[in-house]
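Undergrad: Heads up: the sequence shown runs through residues 1 to 283, numbered per the numbering used here.
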Amino acid sequence: MQIIGTVSEMQRLADSFRIQGKKIGVVLTMGYLHAGHVSLIGTARKVSDVVITTIFVNPTQFGPGEDFERYPRDFERDKTLASEAGTDILFCPQRDEMYAPNFATYVEIEDVSKILEGKFRPTHFRGVTTVVAKLLNITKPHVAVFGQKDAQQAFLIRKMATDLNFDVSIVVAPIIREPDGLALSSRNVYLNPDERQRATSLYKSLKRAEMLIGKGERSAEKLHNEIKKILLGVNPTLVDYIACVHPDNFKEVETLTPPTVLVALAVRFGSTRLIDNMIMNVA
Ligand code: PAF
């Protein structure tokens, strides 16, 4: 695995792969890799000749008072995991090069970046879509793989790629979970043992909603109440939102209609904010 630290070197390398007719797959990360990232790299490996993994803790997607400073970092461990997962090139740019002092251009998607996560983190998606646009321009991939865990992010990145004619195909890979259902996230490391145990309520509540839908429940309000009951049963610090949305446009639905609904949650345990979601069949 080759480690690249500068934008110009990465762009030159990407050009040379393209000239050789190689298909480039990219996985963009903020590091502190876990089995979820490993599975994204595995997906990229299957559909590409060259896999680039990027590590960059992007300051513009953290709001004031959020966890940018304490976001977990472990470059040595990341190097091993990225290499073992099948990464050919590890791109780790410096903050100053990604955001020069006179940086002033942002990519902002209307509507969907302002709801759900966007309501609680008003500048978050602007930071995400901006850095993703930059990293796609730097790594020049044919395929970029993102995780379904950040469902709204994946939706917005696909929207940006379509709206701005990025010549890349966006692949969204399934959520990887712990044996007890907790969705893998670099932020799970913040949870103390008691919070970690209570955090399984997110998955439990989603499974309960799935079961009720299977039995014929079509009211988003009733599902919302059932999910809330399970979440409040473990005394979270705050439930930011519970939402039933149409997976194709992220608009909230009142009555579920076939073929699917996406149920999304954000819950806080202490200072740790967890998100999870599930796409459920509506027959
Ligand atoms: O999902 C993430 O880790 C980040 O939001 C991303 C896509 C790497 C952009 O910084």
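Even for Gly, the Cβ is constructed at its ideal location relative to N, Cα and C.
In this text, all values refer to a predicted model and were calculated from it rather than measured experimentally.
Ala264 and Val245 - do their beta-carbons sit closer together than 8 Å?
TA: Here residue 245 refers to the residue found at position 245 of the sequence shown. Here residue 264 refers to the residue found at position 264 of the sequence shown. It is a contact, given that the beta carbons lie within the stated cut-off.
Undergrad: Helix, strand or coil: how does DSSP classify Ile109 here?
TA: Within the sequence shown, the letter at position 109 stands for residue 109. Note: Ile109 maps to coil in three-state DSSP.
Undergrad: At a cut-off of 7 Å, is Gln152 close to ligand 1 when judged by its beta-carbon and the heavy atoms of the ligand?
TA: The residue given as residue 152 occupies position 152 in the sequence shown. False, no ligand heavy atom lies under 7 Å from that Cβ.
Undergrad: Sorry if obvious, but does the Cβ on Gln61 come closer than 7 Å to a heavy atom of ligand 1?
TA: For the purposes of this step, residue 61 is identified with residue 61 of the sequence shown, where counting begins at 1. The answer is yes for Gln61.
Undergrad: Indicate the three-state DSSP secondary structure (helix, strand or coil) for Val26 in the structure shown.
TA: Residue numbering aside, residue 26 sits at position 26 when the sequence shown is read from its first letter. DSSP places Val26 in strand when its eight states are reduced to three.
Undergrad: Alpha carbon to alpha carbon, how far is Asp317 from Leu13?
TA: It is not possible to answer for residue 317, since the shown part of the chain is limited to 1 through 283.
Undergrad: With which residues is Phe269 paired in a DSSP beta bridge?
TA: Within the sequence shown, numbered from 1, the residue matching residue 269 stands at position 269. Phe269 is bridged to Thr272.
Undergrad: Shorter than 7 Å, the distance from the beta carbon of Thr130 to the closest heavy atom of ligand 1, or not?
TA: Taking the first residue of the sequence shown as position 1, residue 130 is located at position 130. No, since every heavy atom of ligand 1 falls outside the 7 Å radius drawn around the Cβ of Thr130.
Undergrad: Taking C-beta to C-beta, are Thr129 and Leu90 nearer than 8 Å?
TA: To locate residue 129, count along the sequence shown from 1; it is residue 129. To locate residue 90, count along the sequence shown from 1; it is residue 90. Cβ atoms of Thr129 and Leu90: not closer than 8 Å.
Undergrad: Residues in its own chain within less than 6 Å of Glu66 by CB, not counting five upstream and five downstream?
TA: By one-based count along the sequence shown, residue 66 stands at place 66. The answer is none, since no qualifying residue turns up.
Undergrad: If Leu28 sits next to Val132, beta carbons under 8 Å apart, how far is it from one beta carbon to the other, in whole angstroms?
TA: Translated into the one-based positions of the sequence shown, residue 28 becomes position 28. Translated into the one-based positions of the sequence shown, residue 132 becomes position 132. The pair is a contact, with the Cβ atoms about 6 Å apart (cut-off 8 Å).
Undergrad: Quick check on DSSP: helix, strand or coil for Ala82?
TA: Working through the sequence shown from its first residue, we reach residue 82 at position 82. If DSSP states are grouped into helix, strand and coil, Ala82 belongs with the helices.
Undergrad: From this set, Ala82, Val171, Gly42, which residue's C-alpha is nearest Ala144's C-alpha?
TA: Working through the sequence shown from its first residue, we reach residue 144 at position 144. Considering only alpha carbons, the answer is Val171.
Undergrad: Expressed to the nearest angstrom, what Euclidean distance is found between the alpha-carbon atoms of Asn192 and Ile4?
TA: Counting from 1 along the sequence shown, the entry for residue 192 is found at position 192. Counting from 1 along the sequence shown, the entry for residue 4 is found at position 4. Cα to Cα, the separation comes out at about 35 Å.
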